[in-house]
Amino acid sequence: MLGWAQAVALLVAAQRLGELAYARRNESRLRSRGAVESGAAHYPLFILLHGAWLLAVFLLIPADRVPSWPLLVVFLLLQAARVWVVATLGPYWTTRVLSLPGAPLVRRGPYRWVRHPNYLIVAAEIAVLPLAFGAWWIAIAFSLANALLLYHRINVEQRALAERG
1098 MLGWAQAVAL LVAAQRLGEL AYARRNESRL RSRGAVESGA AHYPLFILLH
1148 GAWLLAVFLL IPADRVPSWP LLVVFLLLQA ARVWVVATLG PYWTTRVLSL
1198 PGAPLVRRGP YRWVRHPNYL IVAAEIAVLP LAFGAWWIAI AFSLANALLL
1248 YHRINVEQRA LAERG
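All letters in the sequence shown, in the order written, are residues 1098 to 1262 by our numbering.
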């Protein structure tokens, strides 16, 4: 039997798969224009982390667990913020660290206020979704793992973008 946690995990997985398809299309176009990837070695760890997070939500939260509706609304608002980030970057949005030499840095949308808004959103998502179902141990474990990966990735991205602006 599927409960709320399982249904939401499946919806988020479908969303992420759609985003990966969009990112791959953008990656291909950017590479054809001369974009250079940085930090490719850590990319599989993000795929593993996000997949394991969704699997943990799906498998470890009991199907009869009633969600905290306010926290699910927060998660939904985070999805809207995520769409804003993707729309702001448009053809430059990818799940990899790709830099197109000579391209200006995006400084509109959420990038007016925050250098890495997507990373803040993802960090909040990783905590909020399991917390919406009382699974604080999932929130803590995956938040810590994500923080370690993001620390490395942000350094990689900062070096890649430093050449452009």
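C-beta atoms are modelled at their ideal positions from N, C-alpha and C, and glycine is treated no differently. Quick caveat: nothing in here was measured; it's all calculated off a predicted structure.
On the DSSP bridge assignment, give the partners of Val1194 in chain order.
Beta-bridge partners assigned by DSSP to Val1194: Ser1135.
Bounding residues of the alpha helix (DSSP H) (the contiguous stretch that carries Arg1179)
Looking at the DSSP string, the run of the alpha helix (DSSP H) that includes Arg1179 is 1166 to 1186.
Output yes or no for whether 8 angstroms exceeds the beta carbon distance between Ile1223 and Trp1150.
Yes, these two residues count as a Cβ contact at 8 angstroms.
Closest to Ala1118 by C-alpha separation, out of His1213, Trp1190, Leu1175, would be which residue?
The shortest C-alpha separation from Ala1118 is found at Trp1190.
How about Val1203 and Thr1185: are their beta carbons less than 8 angstroms apart?
Taking the C-beta atoms as reference points, Thr1185 is found nearer than 8 angstroms to Val1203.
Counting contacts by CB-CB distance shorter than 8 angstroms, is Glu1222 in contact with chain B?
Included in the structure is just one protein chain, with no chain B present.
Quick check on the DSSP output: the alpha helix (DSSP H) that includes Glu1254 runs from which residue to which?
From DSSP, the alpha helix (DSSP H) with Glu1254 extends over 1233 to 1259.
Near Leu1142, what residues of its chain come up, given a Cβ to Cβ distance below 8 angstroms and the 5 sequence neighbours on each side ignored?
If we look at Leu1142 and ignore the five residues flanking it on each side, its Cβ neighbours are Leu1246.
Look at Leu1195 and Gly1131 and say whether their C-beta atoms are less than 8 angstroms apart.
Going by C-beta atoms, Leu1195 is not nearer than 8 angstroms to Gly1131.
For the segment 1201 to 1229, which segments carrying the alpha helix (DSSP H) assignment without a break, of at least 4 residues, lie completely within its bounds, in sequence order?
Counting whole runs of 4 or more residues, the segment 1201 to 1229 contains the alpha helix (DSSP H) stretches 1214 to 1228.
Phe1155 and Val1225 closer than 8 angstroms at C-beta
Contact flag unset, no.
Can you check which of these residues, Ser1240, Arg1128, Ser1135, Leu1146, is closest to Ala1110 by C-alpha distance?
The shortest CA-to-CA distance from Ala1110 to any of Ser1240, Arg1128, Ser1135, Leu1146 is the one to Leu1146.
Local Cβ density within 10 Å of Ala1106, reported as buried at 16 or more and exposed below that
Under this definition Ala1106 is a buried residue.
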